[in-house]
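Read the structure below first, then the notes.
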Amino acid sequence: RNKGERPMIGDRVYVHYTGKLLNGKKFDSSYDRKEPFVFNVGKGQVIRAWDIGVCSMQKGEVCLLLCKPDYAYGSAGSPPKFPPNSTLLFEVELLSFRGEELTEDGGILRRIKVKGEGYNNPNEGATVHVHLEGRCGDRLFQSRDITFVVGESEDKGIPLGVDRAMEKMQKGECCLLYLKPRYGFGKEGKAEYGIGPNAELLYEVTLKDFDKAKEFWEMDLTEKLEKGVQVKQKGTQYFKAGRYYHAVIQYQRIVTWLEMECGLGKEQQQAIHALLLVAYLNLALCYLRLQEYAQTVENCNKVMELDSKNEKALYRRGEARLLRNEFSLALVDFRQVLQVNPSNRAARSQIVICQRKIREHHEQDKRIYANMFQRFAEHDAKVHLSNCVLHYHKCLLGFH
């Protein structure tokens, strides 16, 4: 890390410590456990003295924190370990720290420079007013105030990573976002900003204000159906542009709004059924393009709960299973496609591929097992020869 850099609010920090009472009695030590203590600083996961003190440290620094009761366990203490009004002494070593991961794959790291106000966050569909500064390496390529809708940042040339971070921010917050390529401008880059393919980006984002969208429980069914048609069109627009993550966001909104709805009459029930069917089918196709095959299978299964003989769902599930090397399962899916539509030539071609892959897999297994049995046989022969030689020598020496 850069010289002099210190943890920011929300950073994941790794420390070793020893805690003592003022009389010198040790009450805890991570050194004794032989593993560091890990927490997110500034989030109230530790006593206030630690949140304040650790934020002032640099990597590798060892410091003493003298923690008065108001910054430790207060007038009540924490019996029996800490009596009321205890002042505590900690020796703390800051081993390392890194930003808060906002995604499971570590593609978006957030570091909070200025904490926001209150506890409200923008939601999907909220209108946000932000100031952005975007950097690639040392070059500032973007600095502007902008308003956009969460889930639709692509319309304003703002990368997905900034969009996804909005739902974690509070009004007034200023944070740094470290974006991997898939959450930046991806393999295409962004020519208008001079960003090449697969570039990592750094954004400094200040959330100046926001207007929340209606939550799904605040809408009646008529409104959900109307908005469902709108976001379906938006999702299709993103899909055609190759913006599959943005398309997923739109189609997932339909699922959130309607998956628990039943409808009051036949017309509403049919409308719900049609929108959910399209949403699940398109989610499956998006995830197929994103090479997230487990999600493809899951959404195809959802389609078939609504329509057990849906040709597209069967075919897409077969594709995903084939790409996961689940050849036998894929073969079953493609055969079911032909039962629904015997003239589907693509399914016939996939069946040929599945059958070839299954044969190749069986041949490979046969070679593996043949080699394995050969090694076992050679080992047994060596053991047998060794025993024979040992027996011969015993006989020569007169042992029986």
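My numbering numbers the first residue of the sequence shown as 1270 and each following residue consecutively. Cβ atoms here follow ideal geometry from the backbone N, Cα and C, with glycine treated the same way. Remember, it's a predicted structure, so these values are computed and weren't measured experimentally.
| Where the alpha helix (DSSP H) through S1597 begins and ends | Counting from one through the sequence shown, the residue named residue 1597 turns up at place 328. Counting along the chain, the unbroken alpha helix (DSSP H) around S1597 starts and ends at F1596 to V1609.
| request: Would you kindly check if the distance between the Cβ of A1510 and the Cβ of L1557 is under 8 Å? | output: The residue you call residue 1557 lines up with position 288 of the sequence shown. The residue you call residue 1510 lines up with position 241 of the sequence shown. Their beta carbons are not under 8 Å apart, which means L1557 does not touch A1510 by this criterion.
| request: Identify, in the order they occur along the chain, each residue of the same chain with its Cβ nearer than 6 Å to the Cβ of L1429, setting aside the five sequence neighbours on each side. | output: Taking the sequence shown and counting its residues from 1, the one referred to as residue 1429 is at position 160. Closer than 6 Å at Cβ, skipping near neighbours: Y1452 and Y1514.
| field | Helix, strand or coil at R1270 according to DSSP, with G and I counted as helix | value | As a first step, residue 1270 is located in the sequence shown; it is residue number 1 there, counting from the start. Bear in mind that the predicted position of R1270 carries a pLDDT of just 43, short of 50, making it unreliable; the figure below should be weighed with that in mind. The answer is coil: DSSP assigns R1270 none of H, G, I, E or B.
| request: Look at the alpha carbon of R1270 and the alpha carbon of I1464, and state the distance between them as a whole number of angstroms. | output: Counted from its first residue, the sequence shown places residue 1270 at position 1. Counted from its first residue, the sequence shown places residue 1464 at position 195. A caution first: R1270 carries a pLDDT of 43, below 50, which makes its placement in the model too unreliable to give a value.
| message | Between which two residues does the alpha helix (DSSP H) holding K1384 run? | response | Position 115 of the sequence shown, counted from the start, is the residue given in the question as residue 1384. Per DSSP, K1384 lies in no alpha helix (DSSP H) segment and is marked neither H nor E.
| Going straight from the alpha carbon of G1394 to that of I1377, what length do you get? | Your numbering for residue 1394 matches position 125 in the sequence shown. Your numbering for residue 1377 matches position 108 in the sequence shown. Our two residues, G1394 and I1377, have alpha carbons roughly 20 Å apart in a direct line.
| Going by alpha carbons, who is nearest to A1482 out of E1304, Q1327, V1419 and Q1411? | Reading the sequence shown from its first residue, position 213 is the one you call residue 1482. Among E1304, Q1327, V1419 and Q1411, the Cα nearest to that of A1482 is on V1419.
| Which residues mark the beginning and the end of the beta strand (DSSP E) in which R1586 is found? | As a first step, residue 1586 is located in the sequence shown; it is residue number 317 there, counting from the start. Annotation: R1586 is outside any beta strand (DSSP E); the continuous alpha helix (DSSP H) that includes it extends over E1580 to L1592.
| query | Under a Cβ-count criterion, where at least 16 other Cβ atoms within 10 Å of its own Cβ denotes burial, should K1571 be classed as buried or exposed? | reply | As a working mapping, residue 1571 is identified with position 302 in the sequence shown. By the 10 Å Cβ count, K1571 comes out buried.
| said: Would you call the stretch 1350-1360 in contact with the stretch 1324-1338, where contact means no fewer than 3 C-beta pairs closer than 8 Å? | reply: At 8 Å Cβ cutoff, the stretches touch.
| Is T1356 helix, strand or coil by DSSP? | Start at 1 with the first residue of the sequence shown, and residue 1356 comes out as number 87. Looking at T1356 - three-state DSSP - the assignment turns out to be coil, as it is neither helix nor strand.
| request: Taking only runs that begin and end inside the stretch 1446-1510, name each unbroken alpha helix (DSSP H) of 4 or more residues, in chain order. | output: Runs found: 1490-1509.
| field | In DSSP terms, what C1444 is bridged to | value | Working through the sequence shown from its first residue, we reach residue 1444 at position 175. According to DSSP, which records beta bridges pairwise, C1444 is partnered with I1381 and V1474.
| said: Between the stretch 1313-1332 and the stretch 1382-1397, can you find at least three pairs of beta-carbon atoms closer than 8 Å? | reply: Contact check between the stretch 1382-1397 and the stretch 1313-1332: fewer than three CB pairs, one atom from each, fall below 8 Å, which does not count as touching.
| field | Option in C1531, G1406, G1346 and C1555 with minimal Cα separation from A1468 | value | If you number the sequence shown from 1, residue 1468 lands on position 199. The shortest C-alpha to C-alpha distance from A1468 to any of C1531, G1406, G1346 and C1555 is the one to G1406.
| request: Name the one or two DSSP bridge partners that V1419 has. | output: Numbered from 1 along the sequence shown, position 150 holds the residue referred to as residue 1419. Under DSSP, V1419 takes part in no beta bridge, so it has no partner.
| field | Member of R1433, H1630 and G1346 whose CA lies at the smallest distance from the CA of E1373 | value | For the purposes of this step, residue 1373 is identified with residue 104 of the sequence shown, where counting begins at 1. If we check each option's Cα against that of E1373, R1433 comes out closest.
| C-alpha gap between D1424 and L1471, whole angstroms | The count along the sequence shown starts at 1 and reaches residue 1424 at position 155. The count along the sequence shown starts at 1 and reaches residue 1471 at position 202. Separation of D1424 and L1471 (C-alpha to C-alpha, rounded to the nearest whole angstrom) is 20 Å.
| field | Sequence-distant residues of its chain with Cβ nearer than 7 Å to R1281 (five each side left out) | value | Within the sequence shown, the letter at position 12 stands for residue 1281. So the list reads V1307, N1309, F1366, R1367 and E1369, once near-sequence residues are dropped.
| message | Determine whether the beta carbon atoms of L1592 and I1622 lie at a separation below 8 Å. | response | Sequence index remark: in the sequence shown, residue 1592 carries index 323 (1-based). Sequence index remark: in the sequence shown, residue 1622 carries index 353 (1-based). The Cβ atoms of L1592 and I1622 lie no closer than 8 Å to each other.
| said: Please classify P1611 as buried or exposed, where buried requires at least 16 neighbouring CB atoms within 10 angstroms. | reply: Locating residue 1611 in the sequence shown gives position 342, where the first residue counts as 1. Looking at its Cβ environment, which holds fewer than 16 other Cβ atoms inside 10 Å, P1611 is exposed.
| message | Going by DSSP, what residue range makes up the alpha helix (DSSP H) through C1569? | response | One-based indexing of the sequence shown puts residue 1569 at position 300. Unbroken alpha helix (DSSP H) run through C1569: Y1562 to L1575.
| field | Through-space distance from E1421 to Q1538, alpha-carbon basis | value | Within the sequence shown, residue 1538 is the residue found at index 269, counting from 1. Within the sequence shown, residue 1421 is the residue found at index 152, counting from 1. Rounded to whole angstroms, Q1538 to E1421 spans 29 Å at the Cα level.
| task | Give, in chain order, every unbroken run of the beta strand (DSSP E) that is at least 3 residues long and sits entirely within the stretch 1272-1358. | result | Fully enclosed beta strand (DSSP E) runs of 3 or longer: 1281-1290, 1295-1298, 1306-1309 and 1331-1336.
| message | Threshold first: 4 residues or longer. Then list the alpha helix (DSSP H) segments lying entirely within the stretch 1512-1537, N to C. | response | Counting only runs of 4 or more, we get 1513-1527.
| query | Around the C-beta of S1355, are 16 or more other C-beta atoms found within 10 angstroms, so that it is buried, or is it exposed? | reply | Counting from one through the sequence shown, the residue named residue 1355 turns up at place 86. Result: buried.
| query | So what does DSSP say about E1436, is it helix, strand or coil? | reply | The count along the sequence shown starts at 1 and reaches residue 1436 at position 167. Helix.
| message | Please classify L1476 as buried or exposed, where buried requires at least 16 other C-beta atoms within 10 Å of its C-beta. | response | The residue given as residue 1476 occupies position 207 in the sequence shown. So L1476 counts as buried.
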